[in-house]
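Using the numbering used here, the first residue of the sequence shown is number 855, and each one after it goes up by one.
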Amino acid sequence: MSRIGKLPIQVPAGVDVTIDGRTVSVKGPKGSLSHTVAEPIEVAKGEDGIIAVTRPNDESRNKALHGLSRTLVANMITGVTTGFSKDLEISGVGYRVQAKGSTLEFSLGYSHPVVVEAPEGISFKVESPTKLTVEGIDKQRVGEVAANIRKLRKPDPYKAKGVKYAGETIRRKVGKAGK
């Protein structure tokens, strides 16, 4: 039995979970999400507000999908109650970010400013010109948008300039030794 998959999922008050065939829909105070569960995995809702995820047999693929499906449903419930966020830091001389409505304008050392639109369900919070937070209810989408922003100017291993996740340590390299 999958150690993650066998854990029951508690549904907090104020969250409505609907299971329609293979589709699990979750509605909460922050919004609603839905996900289609992979073929052999079954999701059932108990009367006491607990969701159980089961698999038909112990095939390798089913074991992997068991834990994955349970975690995806649990993340949907967490997303509609508290939401998810990723913090980003910008370091480098002249590197900064500005919020303009639902878009971000980055100055990252290019000859032009880089503009990033907020996708649906994602919001940006700029705490300072070098600190940025990506927020939303879908964990996968928050991570994807944060990764795309980081990709605009990855941290340089020689000077550690660029966009990085908060708390991320950049492995520094020693520069070329001069004569």
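The beta carbon of each residue, even a glycine, is placed where N, CA and C say it ideally should be.
To which residues of the same chain is residue i closer than 6 Å at the C-beta, ignoring the five residues directly before and after it?
i    : result
V897 : I873, V878, V891 and V907
K884 : V934, G937 and I991
D941 : T987 and A1020
V996 : F938, K940, V988 and G990
On a CA-only basis, which of the options is nearest residue i? Give me that one, please.
i     : options                   : result
S886  : E989, V871 and R876       : V871
K1034 : K985, P1011 and Y1019     : The question about residue 1034 has no answer, for the chain in this structure spans 855 to 1033.
G946  : K954, G955 and G963       : G963
F960  : N929, L986, E974 and G903 : L986
I944  : R995, G921 and K1008      : K1008
R876  : P866, G955, P910 and H889 : H889
Grouping DSSP H, G and I as helix and E and B as strand, with all else coil, what is residue i?
i    : result
T935 : helix
H920 : helix
K985 : strand
E896 : strand
With the cut-off set at 7 Å, would you say residue i and residue j are in Cβ contact?
i    : j     : result
V999 : I1024 : no
A953 : V980  : yes
I'd like the list of long-range same chain contacts for residue i, defined as Cβ closer than 7 Å, with 5 residues on each side in sequence excluded.
i    : result
P849 : Nothing about residue 849 can be reported from this structure: the residues present for the chain run from 855 to 1033 only.
K899 : V871, I873 and I905
Please return the same chain residues whose Cβ sits closer than 8 Å to the Cβ of residue i, not counting the five positions on each side in sequence.
i    : result
D912 : none
Between the region 930 to 937 and the region 870 to 881, are three or more C-beta pairs nearer than 8 Å?
With a cut-off of 8 Å, the region 870 to 881 and the region 930 to 937 count as touching, because enough Cβ pairs lie within range.
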